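Residue 5 is where the sequence shown starts when you use this note's numbering, and the numbers rise one by one after that. Working notes, structure below.
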Amino acid sequence: FGYGLSYTRFWFHDLRLAASEVPADGTITASVAVTNTGRRAGEAVVQLYVGFPGATVDRPVKLLRGFDKLALAAGQTRRVTFSLPVKDLAYYDVATAAWVVERGLHSVLIGPSSRPAELLQAQLLVTDQR
Numbered sequence: 005f006g007y008g009l010s011y012t013r014f015w016f017h018d019l020r021l022a023a024s025e026v027p028a029d030g031t032i033t034a035s036v037a038v039t040n041t042g043r044r045a046g047e048a049v050v051q052l053y054v055g056f057p058g059a060t061v062d063r064p065v066k067l068l069r070g071f072d073k074l075a076l077a078a079g080q081t082r083r084v085t086f087s088l089p090v091k092d093l094a095y096y097d098v099a100t101a102a103w104v105v106e107r108g109l110h111s112v113l114i115g116p117s118s119r120p121a122e123l124l125q126a127q128l129l130v131t132d133q134r
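Right, dumping it as structure tokens:
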């Protein structure tokens, strides 16, 4: 994604989840508004991460699960929407030799980079299947 250098600035705001609870066989839908606050046109890379604050097994702090590049004119705002199957949050359990989606609290993080200070965050509860 480069170094994030640009001739303009972007404001990421209004993170929304379609639902705060989703079944393990469902889909996560998250969106964010991005505004070019500068005086020049530019391109922003919007990155979607998922974190595991309630994990009972050792997991990374966050995993990149999607990205999109969008071009914005000066002053323009657009909403970017991601759809992610919950199964993409699974980890491989060697004891059962199967992929497991852990029920419980997860974080959805969206921003221009992986730096915590630049990420908007929402909480998501993964429940049993429908």
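Even glycine gets a Cβ: it sits at the ideal position worked out from N, Cα and C. Here the structure is a predicted model, which is why all the values come from computation and not from measurement.
Backbone CA spacing between residue i and residue j [nearest angstrom]
i	j	result
Gln125	Val98	30 Å
Gly115	Thr100	35 Å
Leu113	Val49	14 Å
Asp62	Tyr95	10 Å
Ala59	Arg44	43 Å
Pro57	Val65	8 Å
Asp92	Arg107	13 Å
Ala28	Gly79	39 Å
Thr131	Val26	6 Å
Val84	Leu21	12 Å
Ala23	Ala75	28 Å
Tyr11	Trp103	44 Å
Pro89	Ser118	21 Å
Phe14	Leu68	20 Å
Glu47	Pro120	21 Å
First through last residue of the beta strand (DSSP E) which encompasses residue i
i	result
Arg82	Thr81 to Pro89
Tyr95	Tyr95 to Asp97
Ala18	The question names Ala, yet the displayed sequence has Asp at residue 18. Taken as a continuous stretch (DSSP letters only), the beta strand (DSSP E) holding Asp18 covers Phe14 to Leu21.
Residue i - DSSP class collapsed to helix/strand/coil
i	result
Glu106	coil
Asp72	strand
Ala126	strand
Asp132	coil
Close beta carbons around residue i, own chain, < 8 Å, minus the five adjacent residues each side
i	result
Glu122	Phe16, Gly115 and Pro116
His110	Val54, Gly55, Phe56, Pro57, Gly58, Leu93, Gln127, Leu128, Leu129 and Val130
Leu19	Ala34, Ser35, Val36, Val112, Ile114, Leu124, Gln125 and Ala126
Same chain, Cβ closer than 6 Å to residue i, five either side skipped, listed in chain order
i	result
Thr81	Ala37 and Thr39
Ser87	Thr31 and Thr33
Thr41	Arg13 and Trp15
Residues near residue i by beta carbon distance below 7 Å, same chain, minus five either side
i	result
Phe71	Val49, Val50, Gln51 and Leu52
Go through the stretch 27-68 residue by residue and report every complete run of the beta strand (DSSP E) that reaches 3 residues or more, in order. 31-40 and 46-55
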